[in-house]
Every structure is written in structure tokens, then in C-alpha cells.
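Engineer: Have a look at this one.
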Amino acid sequence: MKSTTIAGPLLSLVMIVLPAAVAQPQEKTWSHFNGDLRAQKYSPLGQITPENVKNLTAVWRVHTGDKYSGIGTPPRTGAHMRGTPPGADKLPPTVWSATPLFVNDTLYLGTPFYRIFALEPDTGKIKWTYDTKAVLEALTQPDLKNRGVAYWQAEAITPGAPCQKRIYIGTMDAKLHAVDADTGKACADFGGGGIVDINQWNTEKNKWPLSILQPPTMFKDFLFVGWAGKDWADAEAPAGNLFALDARTGALRWTFNALPKEVAAKTGTANVWASMSVDTERDILYIPVSSPSPNFFGGNRLDPIPLGTSVTALKIATGEVLWSRQLVHHDIWDFDTNAAPTLVDITKDGRSIPALVQTSKQGFLYVLNRETGEPIYPIEERPVPKSTVPGEVAAPTQPYVPLPKPVVDDTWPGIFPLADITSFGYCTRKLKELKYEGRFTPPSLEGSLIYPGTIGGVEWGGGSVDPNKQIFVVNSNSVVQIYKLLTRADYDKATAAPGATETGGYFPMTGAPYGFQLSTFLNPFGMPCWKPPYGSIAAFDLKTGQQLWKKPFGQVQQWGFYMPESWGTVTIGGPVITASGLIFIGGSMDSRVRALDLRTGEVLWQGQVAAPAVALPAIYEYKGKQYVTFAAGGNSILTPQVSDEIVTFALPN
Numbered sequence: 000m001k002s003t004t005i006a007g008p009l010l011s012l013v014m015i016v017l018p019a020a021v022a023q024p025q026e027k028t029w030s031h032f033n034g035d036l037r038a039q040k041y042s043p044l045g046q047i048t049p050e051n052v053k054n055l056t057a058v059w060r061v062h063t064g065d066k067y068s069g070i071g072t073p074p075r076t077g078a079h080m081r082g083t084p085p086g087a088d089k090l091p092p093t094v095w096s097a098t099p100l101f102v103n104d105t106l107y108l109g110t111p112f113y114r115i116f117a118l119e120p121d122t123g124k125i126k127w128t129y130d131t132k133a134v135l136e137a138l139t140q141p142d143l144k145n146r147g148v149a150y151w152q153a154e155a156i157t158p159g160a161p162c163q164k165r166i167y168i169g170t171m172d173a174k175l176h177a178v179d180a181d182t183g184k185a186c187a188d189f190g191g192g193g194i195v196d197i198n199q200w201n202t203e204k205n206k207w208p209l210s211i212l213q214p215p216t217m218f219k220d221f222l223f224v225g226w227a228g229k230d231w232a233d234a235e236a237p238a239g240n241l242f243a244l245d246a247r248t249g250a251l252r253w254t255f256n257a258l259p260k261e262v263a264a265k266t267g268t269a270n271v272w273a274s275m276s277v278d279t280e281r282d283i284l285y286i287p288v289s290s291p292s293p294n295f296f297g298g299n300r301l302d303p304i305p306l307g308t309s310v311t312a313l314k315i316a317t318g319e320v321l322w323s324r325q326l327v328h329h330d331i332w333d334f335d336t337n338a339a340p341t342l343v344d345i346t347k348d349g350r351s352i353p354a355l356v357q358t359s360k361q362g363f364l365y366v367l368n369r370e371t372g373e374p375i376y377p378i379e380e381r382p383v384p385k386s387t388v389p390g391e392v393a394a395p396t397q398p399y400v401p402l403p404k405p406v407v408d409d410t411w412p413g414i415f416p417l418a419d420i421t422s423f424g425y426c427t428r429k430l431k432e433l434k435y436e437g438r439f440t441p442p443s444l445e446g447s448l449i450y451p452g453t454i455g456g457v458e459w460g461g462g463s464v465d466p467n468k469q470i471f472v473v474n475s476n477s478v479v480q481i482y483k484l485l486t487r488a489d490y491d492k493a494t495a496a497p498g499a500t501e502t503g504g505y506f507p508m509t510g511a512p513y514g515f516q517l518s519t520f521l522n523p524f525g526m527p528c529w530k531p532p533y534g535s536i537a538a539f540d541l542k543t544g545q546q547l548w549k550k551p552f553g554q555v556q557q558w559g560f561y562m563p564e565s566w567g568t569v570t571i572g573g574p575v576i577t578a579s580g581l582i583f584i585g586g587s588m589d590s591r592v593r594a595l596d597l598r599t600g601e602v603l604w605q606g607q608v609a610a611p612a613v614a615l616p617a618i619y620e621y622k623g624k625q626y627v628t629f630a631a632g633g634n635s636i637l638t639p640q641v642s643d644e645i646v647t648f649a650l651p652n
């Protein structure tokens, strides 16, 4: 099997001229989830430098009130009961990964209770709030989640007319709201009274709502809306449609579906639940496509699904596929393509190449020509292990990227002696029970050691790039997980145990011949059975593909103590680079935010926040002053600790 590339006609022949893009003062704003539509996560601001960053201090903190850890009395008692059935009186815990937006001289953010806050950027004073009044129930996710809001403004502003500038927020119950960015009032001309029900297009296998947890991607008068579903629940699930809506009216312009018609009835998902990027000059939308259902058994979907687990380029006007690069063949590991590709021009062999860098859970960095999808650095097809599960046929080869060097090694790190000794040899005994054949070991009935697992490699924060230096920075996880398939009879017996979370438990995969058990390879005391570091951050020279440096990142916080810095931590959320040579990043489980030196990876500054800041920071300038803002909300994958804090840092006056 060869690496799948689907190419359309010559781009020059298929591009349709669209209205000119609205000019935004990007040098001072943070107007999109990833900073800009190229997903570079780069700020050209330079007031904060490696020399003065040590003086950075918190200038304001705001608590929204929208948090819940799952323990004690929920806040806003009764709010979560809106429209829920009798007895549904427990509020799910919150996961807050919202990137704040700074645009229109205002800081905007969404919360896990699906409210919008508009704040003064230099003081944190609340200008207005908007409540979607969404049902706060775990309809598709174990937690209430929100990754922020999107901003749009008309090309020509009509004075005095409402909703010439808009903020959009989605909800877990599949509602997309549009409100006036100046007043916080609903835009009556968008859908029905300011709301579009995305679930109206969930017409096949409607088993759960198409949750809008990631803010839409906005370009010109388009809103591109992906969705999140109920992972690992069903073999046959809603198809992963991507919707292009009119930003003014909410009308559907086109729909993209990654599943071939001949296999769509037997599977589902292959959806776009992460952020997307746009080549604004070429009018191309780049989407990270996830894996088909069921995630860990593919016996029902042996026919090719070439767009599954891919990075795919679409023509913005119509949704037509221009090219697609499949990153995993017949994905049975849940290796979703989980972050927007970063668009950057690379100087290689004396010429400038329009490129993109796609991160992955596999730990590979795919560097592709963004016009054609062809590799800039070679991608090899390598043989991988066969499956021993009855009914499964694993792909014989998988794409492998030797350069840039993978951020996760080919072989798992090995037993951590400290964890093994303190558990009286548990780790060694457990390892003997598991199947392990290197990278791409398939799930099995006896249990397979998987490295990297679905939490490993690079998560949805993706990487960032300095487009001038052509240096790419990315944080990654080194996590060993255990994948075990269970016959339906064994699954039914096992599920008398407590329910599942995002990091482990039993998952039905209803309609498949097997259920699934996920666990992380820990000893009975909760210590990782594999050697640290558990998280790292690295920099790469895109001109050569060479790794410039790699460092453990973060500190494990356990039992009231900080573990050695050399251990690092699992991280959720990505880095942001500034023109002055700084990397700002939260992400670690120790509830700290940091500034690193782009040249060396050395930590130059760190600040304490209320919970892990599992979101991209926003960097902006307002009234001549540079600010760095983090949402410190927490994520149950890291720790149970949650918060509702927005904190903004700046240099002293």
C-alpha cells in the first residue's frame, strides 16, 4: 500500500475569485484561534524580549464562575437543568481550552458553560456577557468543553447597523450562536434569532448531536464548521460532514464528507473536530480529518477510506478536494489528525516552497507542499505488524517520516525502575502479558502495549513557526497505553465496573464484534511504568529538517511535591512564538505558564496560574503595550484540578 495522495485539476484552473478579504491589523491582534488563518501561532510583537521577560507580571485576573470539578455543589445551581430530563441533576466537570481572541479592541472568550465574555484588554473589566442557555449535559463528551469563539466583520461597515461585527460560539447540543461583537446581543438575521441548529444536517445515524466545541474557522463570508462526536461508542456513527455556512445568514453553502458512499453505511465519523487553516492567497482550506469508526477495530470497514486520518485541501468556493495526504492507512489506533496544519514558506535548495507542517499523534511532522500535497522531506512506506484479531486486516505498511526527526521514538522507553521497584515488580509482570511489536502494534485480545498511544505524540495544540527564521516549535507527549479488545460476552462482564473517562475505561463500540478497554501503563500507585521524560518541547529548522534542540518540559506535580524537571509532564495545548525570540506556552500539569528562549529552549520566566493552562495564549498590543493572556481552565487528562481564570501578563509600566 502506498501513501495516498488525491490531487485535483491544476489549482490555477479551479480557483474561483472571491470577494477581497477583510483587512485586519494582524500585527497587533490575535483574531483567530491559532492567531491567524495560517495557524502559525506567531506574533510579530517584540516589546517583551528574552532580556526583559523576567520582569513579566500579572496585570489582571478574571474569574468567570463557569467551572466545576465534579465535586461538591455545582455553580449556578439549576442552570444546567435547562431542558434536561427529570433526574439529570449532576453537572459534568469542565474542560476549558479556550484561546482568547483580541480584536475590535476587545478580548473575547467562550466558557465551558457556553457563555461569551467580552473584556477590556488592559484591565479585564467585563464589557458584556452572552449566555447561550445551552443544556449543560454530557451529551457526547465526559466533560463540558469549550475551545473559544470566532470573529467576523463585514467587508464594508454600515454605520449604525447591528451585527456588522460578530462573535460565534458553538455548544455541545449542536447550536451555533452569532452575537453582535459590540453589544453582545443576538444577530437576528443569523439562522433563527441568532442560532443555527447544526444537527438539522445530522440526517443519517443520528445517535448523538454534532457538538460544536471548536470555534468555526472564518474566512471572508464563510464559516467552516466541524464537530466532535461520542468517541468509541458506536461502529456505525454519523458521517463526518464539514459544513460551510454563510457568515451572515447561517445558510448552508456546501458540505464535505470524507467517507466514500460505498462504505459510509457501515462506518462513520472521519470528522473534523480540530481547528483548520486557510491559504488566503490561493483560497484553499486545509482540514485535519480524524479516523473512521469504530476506532480500534476496522473489520467492518476494510474497503479503502483514503481521506480518513488525513490532511486534506479543499477549494473554498465549493468544498472540492484539491489534494489529500493520508497519514495512517486503515487507522485502528485512533490516530486522529488533530491540529490545523501550519502554513509557511520554506527556503530549500535555493528556492521558496509553499509548505505546510502537519503534526500528529504518531509524533511525525509531515512537511508537504501545500499546493500539491507532495512531501518536501521524504515519506517512506514501511512494513508494520499484522493483526491477530479475527475479522481484522491491518494495513501491511504505514507512512514513516524520518526527517524531521519524529518527536516520539520508534520504540517505547522501557520499564522505569523506580515505578517497578515501588510496586514490587508490577510493571515487569504486566509487560509480560502484553503484545508489543514496535510502532503500529495493532490492538489485540490479550492487550497490546501501544507507543505512542492516543494521548501520545502531538496533541490538538499543534506547533508554531517563526516564518522569518523558519523555525518550527512543538511540544509532545511520551505516553504508553494499553489497547485491549474484548469479545461482546467479556465486555458485558467487564462493564459492571465503573465507567470510562478520557484517559481510560471500557468503551462499547456498539455494532462491532468487540468492545474496547483503554488504560495507561501505570503501576497500582499511579506512577508511569515507562521511563521519563513524559513530555518534551523541541525546535526544528524547516530549511534543513534538522532538530535544533529538544528539552523535557513541565514538572509532574504529585502528592504535594514537584518531581524532577528531567521528567517533564504530559502537555495539552501548544506554543506561541514572538518576533523577539520567545516561546510562550502553558500546557503542563503543574499549573505554570512559561516563556522559553527560541534559540535554546531554556526557560526564562514562569508564572503560577490557578489550573493547567491547556489553551493557546493570545499575544496582542493595546495602547502601545504588549500583553500575554492565558485561559487557565484545566483538563482531566492532566489532573482533576479545574479553574475559570483568565490571567493577563505584561511588563511593568
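Quick note on numbering that gives the first Met the number 0: the sequence shown kicks off at 0 and runs consecutively. The beta-carbon is built from N, C-alpha and C at its ideal position, and this holds for glycine as well. Just so we're clear, the structure is a prediction, and the values are computed from it rather than from any experiment.
1. Name the residue from Asp121, Ser587, Phe32 whose alpha carbon lies nearest to the alpha carbon of Lys650.
2. In this structure, does DSSP put Ile197 in helix, strand or coil?
3. Alpha carbon to alpha carbon, how far is Lys622 from Glu136?
4. Mind the definition here: the segment 187 to 201 touches the segment 142 to 158 only if three or more C-beta pairs lie below 8 Å; say whether that holds.
5. For my contact list, Phe112 and Asp65 are in at a C-beta cut-off of 8 Å; report their separation, rounded to the angstrom.
6. Applying the 10 Å Cβ sphere with the 16-neighbour rule, what's the burial state of Gly390?
7. Let me know the secondary structure DSSP gives Val407 once reduced to three states.
8. Using only alpha-carbon positions, find the residue among Ile420, Lys385, Ser475 that is nearest to Glu436.
9. Comparing alpha-carbon positions, which option in Pro161, Asp540, Leu541, Gly573 lies nearest Phe552?
10. Specify the secondary structure class of Pro416 as computed by DSSP and reduced to three states.
11. May I have the straight-line CA-CA distance separating Pro303 from Lys260, to the nearest angstrom?
12. Figure out for me which residue from Ser535, Pro92, Lys184 has the closest Cα to the Cα of Thr72.
13. DSSP three-state call for Lys229: helix, strand or coil?
14. Let me know if Phe415 comes out buried or exposed under the rule of 16 or more other beta-carbons within 10 Å of its beta-carbon.
15. Using CA atoms only, rank isn't needed, just tell me which of Gly169, Asn103, Ala117, Tyr107 is closest to Ile156.
16. Below 8 Å CB to CB, which residues in the same chain sit around Trp548 once its five sequence neighbours on both sides are set aside?
17. Ile636: buried (16+ other C-beta within 10 angstroms of its C-beta) or exposed?
18. Mapping DSSP to helix, strand and coil, what is Trp459?
19. Taking Glu432 as part of the alpha helix (DSSP H), name the residues at either end of that continuous run.
20. Let me know the beta strand (DSSP E) ranges lying completely inside the segment 568 to 647, each 3 residues or longer, listed in chain order.
21. What's the C-alpha gap between Asp196 and Thr254?
22. Start and end of the alpha helix (DSSP H) containing Arg487?
23. Between which residues of its own chain and Ala614 is the CB-CB distance below 6 Å, once the five residues before and five after are set aside?
24. I need the boundaries of the beta strand (DSSP E) containing Ala149, first residue and last residue.
25. Can you name the start and end residues of the alpha helix (DSSP H) that Val343 belongs to?
26. Extract the residue ranges of the beta strand (DSSP E) inside the segment 204 to 289, only unbroken runs of 3 or more that lie entirely within it.
27. Does the separation of the CB atoms of Trp200 and Asn294 fall below 8 Å?
28. Considering only the alpha carbon of each residue, which of Ala160, Val94, Ala57, Arg165 lies closest to Gly123?
29. Look up Ser565 in the DSSP assignment and say whether it is helix, strand or coil.
30. How would you label Lys53, buried or exposed, when you count the other beta carbons within 10 angstroms and need 16 or more for buried?
Structural biologist: Reading it off the structure:
1. One-based indexing of the sequence shown puts residue 650 at position 651. The residue you asked about is not Lys; residue 650 is Leu in the sequence shown. Leu650 has its Cα closest to that of Asp121, out of Asp121, Ser587, Phe32.
2. Here residue 197 refers to the residue found at position 198 when the sequence shown is read from its first residue. In this structure, Ile197 counts as helix in the three-state DSSP scheme.
3. Numbered from its first residue, the sequence shown carries residue 622 at position 623. Numbered from its first residue, the sequence shown carries residue 136 at position 137. One C-alpha to the other measures close to 41 Å.
4. no
5. Residue numbering aside, residue 112 sits at position 113 when the sequence shown is read from its first letter. Residue numbering aside, residue 65 sits at position 66 when the sequence shown is read from its first letter. Sure, about 4 Å apart at Cβ, within 8 Å.
6. The residue you call residue 390 lines up with position 391 of the sequence shown. With fewer than 16 other Cβ atoms within 10 Å, it is exposed.
7. As a working note, residue 407 is residue 408 in the sequence shown. Note: Val407 maps to coil in three-state DSSP.
8. The sequence position of residue 436 within the sequence shown is 437, counting from 1. Looking at the Cα atoms, Lys385 is the closest of the given residues.
9. The sequence position of residue 552 within the sequence shown is 553, counting from 1. Here the closest residue by C-alpha is Gly573.
10. Here the question's residue 416 lines up with position 417 in the sequence shown. It is helical.
11. Numbered from 1 along the sequence shown, position 304 holds the residue referred to as residue 303. Numbered from 1 along the sequence shown, position 261 holds the residue referred to as residue 260. So the two alpha carbons sit approximately 11 Å from each other.
12. Locating residue 72 in the sequence shown gives position 73, where the first residue counts as 1. It is Pro92.
13. The count along the sequence shown starts at 1 and reaches residue 229 at position 230. Coil at Lys229, not helix or strand.
14. Mapped onto the sequence shown, residue 415 falls at position 416. The residue is buried, with at least 16 neighbouring Cβ atoms inside 10 Å.
15. Looking up residue 156 in the sequence shown gives position 157. Comparing Cα-Cα distances from Ile156 to each of Gly169, Asn103, Ala117, Tyr107, the minimum goes to Asn103.
16. Within the sequence shown, numbered from 1, the residue matching residue 548 stands at position 549. Cβ within range, chain order: Ala537, Ala538, Thr599, Gly600.
17. Taking the sequence shown and counting its residues from 1, one reaches residue 636 at position 637. So Ile636 counts as buried.
18. On the sequence shown, position 460 is the one that residue 459 refers to. The answer is coil: DSSP assigns Trp459 none of H, G, I, E or B.
19. Numbered from its first residue, the sequence shown carries residue 432 at position 433. That run of the alpha helix (DSSP H) goes 425 to 432.
20. 575 to 577, 581 to 584, 591 to 596, 602 to 607, 617 to 621, 624 to 631
21. In the sequence shown, residue 196 corresponds to position 197, counting from 1. In the sequence shown, residue 254 corresponds to position 255, counting from 1. So the alpha carbons of these two residues sit roughly 15 Å apart.
22. Within the sequence shown, numbered from 1, the residue matching residue 487 stands at position 488. Start and end: 487 to 493.
23. In the sequence shown, the residue the question calls residue 614 occupies position 615. Cβ within range, chain order: Ser96, Ala97, Thr98, Gly572, Ala630.
24. Within the sequence shown, the letter at position 150 stands for residue 149. First-last of the beta strand (DSSP E) with Ala149: 149 to 152.
25. Against the sequence shown, residue 343 aligns to sequence position 344. Careful: Val343 lies outside any alpha helix (DSSP H), inside the beta strand (DSSP E) at 341 to 347.
26. 216 to 218, 221 to 224, 241 to 245, 251 to 255, 276 to 278, 283 to 288
27. On the sequence shown, residue 200 is found 201 positions in, with the first residue counted as 1. On the sequence shown, residue 294 is found 295 positions in, with the first residue counted as 1. The answer is no: Cβ separation not under 8 Å.
28. Counting from one through the sequence shown, the residue named residue 123 turns up at place 124. Closest option to Gly123, Cα to Cα, is Ala57.
29. Mapped onto the sequence shown, residue 565 falls at position 566. Note: Ser565 maps to helix in three-state DSSP.
30. Taking the first residue of the sequence shown as position 1, residue 53 is located at position 54. Burial call: exposed.
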